[in-house]
Each structure stands twice: as C-alpha cells, then as structure tokens.
Amino acid sequence: MPIQTVIFLLLSASVLILIVLNAFLIWHFYRKNKEINEFWENGKIKNLKDIFLSQKEKNKDLEKQIESAFLKIKDLEDISEITIKKVGIVRFNPFNDIGGNQSFAIALLDNKNNGFLISSLFLNDGNRVYAKAIKNAKSDNPLLEAEREAINKAVNS
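Heads up: the sequence shown begins at 363 in this note's numbering, then just goes up one per residue.
Okay, structure coming up:
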C-alpha cells in the first residue's frame with residue numbers, strides 16, 4: 363500500500379476521532395451549562411441569598427411532606443394492631459360414633475390475641491354455628507377442646 367494512502371487513512375481516522383471528541387465535548391458543555399444557568403438571571407449572577415432562601419423553602423415543604431408521611435405511617439401501624447393477623451382452624455367430629463370431621467372451629471385474632479372464634483357443629487338434624495369473643499387468647503364462655511386448639515394454633519401462627 364502506498365505511503366500516501368496510509369497517511370490519508372491515518373489523517374481520516376484522526377479527523378473522525380476529533381469529530382467524535384468534539385461532539386462529546388459540546389454535549390457535555392450544554393449539560394453543564396444547564397446546571398450553571400440556575401445561578402444566572404438576565405445575564406447576571408443570581409443573588410446567592412435568594413438561592414439559599416428558595417432552597418430553604420423547598421426544604422420546609424419537604425419536611426412537611428415527610429412529617430405527613432410519618433403521621434400516615436403511624437396511623438397505619440395503629441390500624442394494623444387491631445386487624446386480624448392470626449388464624450387457627452381445626453376440623454373435628456363432636457360425636458365420635460357418627461359422621462366425619464364435618465364440624466370446625468376457626469379462631470381469628472389480632473397481634474394482641476384478641477378477636478373471635480366461630481364454631482360450626484354438624485349434627486344429624488342440622489348445623490349449629492356459634493361465635494365467641496376472645497380476649498388475650500381466652501374466652502368468658504366455655505370452650506370445646508377443638509376451640510381451644512384453634513385458639514392455640516392462631517396464637518402460635
């Protein structure tokens with residue numbers, strides 16, 4: 363290959379590299395110029411006091427939003443303390459000699475083990491459903507063994 367072709371290719375590659383570099387520098391300049399323009403107003407540098415005051419106002423607004431968010435989170439935490447979070451279910455046969463495990467007891471409790479218990483007793487002549495209040499994993503009403511087991515399952519879930 364003649365030397366003139368090699369020189370031409372080297373010069374062409376150099377020019378191409380310079381064009382790419384120039385394009386990058388122009389892009390970088392405009393990007394930085396936008397950041398710097400925040401400090402300029404009508405061809406003059408903005409008063410730094412005004413800049414700091416505007417930032418202070420933005421910070422106050424952000425602090426109010428953060429405080430509001432924390433209050434909402436606190437409200438949600440308070441609500442979540444009284445929502446049903448623990449469930450215990452037991453199927454059982456109240457009469458060992460007839461039927462299958464058609465009856466059930468389900469305990470629905472919150473974090474403090476308060477809630478209620480629903481029992482369904484399947485009998486030959488129909489079905490009976492009972493609800494009992496639960497406070498601290500205990501009931502003021504007498505409990506069947508299956509109901510106690512449902513409460514224990516819920517407490518330990």
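Glycine included, every Cβ here is placed at the ideal spot set by N, Cα and C.
- DSSP, read as helix, strand or coil, puts S430 in helix.
- By the neighbour-count criterion, in which a residue is buried when 16 or more other Cβ atoms sit within 10 angstroms of its Cβ, A469 is buried.
- N475 and V491 have their alpha carbons spaced roughly 22 Å apart.
- Rounded to whole angstroms, the gap between the alpha carbons of L506 and S465 is 12 Å.
- DSSP, reduced to helix, strand and coil, places S376 within a helical segment of the structure shown.
- Here the C-alpha atom of A375 lies approximately 11 Å from the C-alpha atom of V368.
- With fewer than 16 other Cβ atoms from the protein chains shown falling within 10 Å of its own Cβ, V377 counts as exposed.
- The way I'd put it, the segment 446 to 457 does touch the segment 507 to 517; three or more beta-carbon pairs between them come closer than 8 Å.
- If only complete runs of 3 or more residues are kept, the segment 408 to 484 shows the beta strand (DSSP E) at 448 to 454 and 465 to 471, in order along the chain.
- Under a 10 Å Cβ-count criterion, A495 is classified as exposed, with fewer than 16 other Cβ atoms of the shown protein chains found around its own Cβ.
- Nearest in C-alpha terms to L483, of all of K497, F454, Q417 and E429, is F454.
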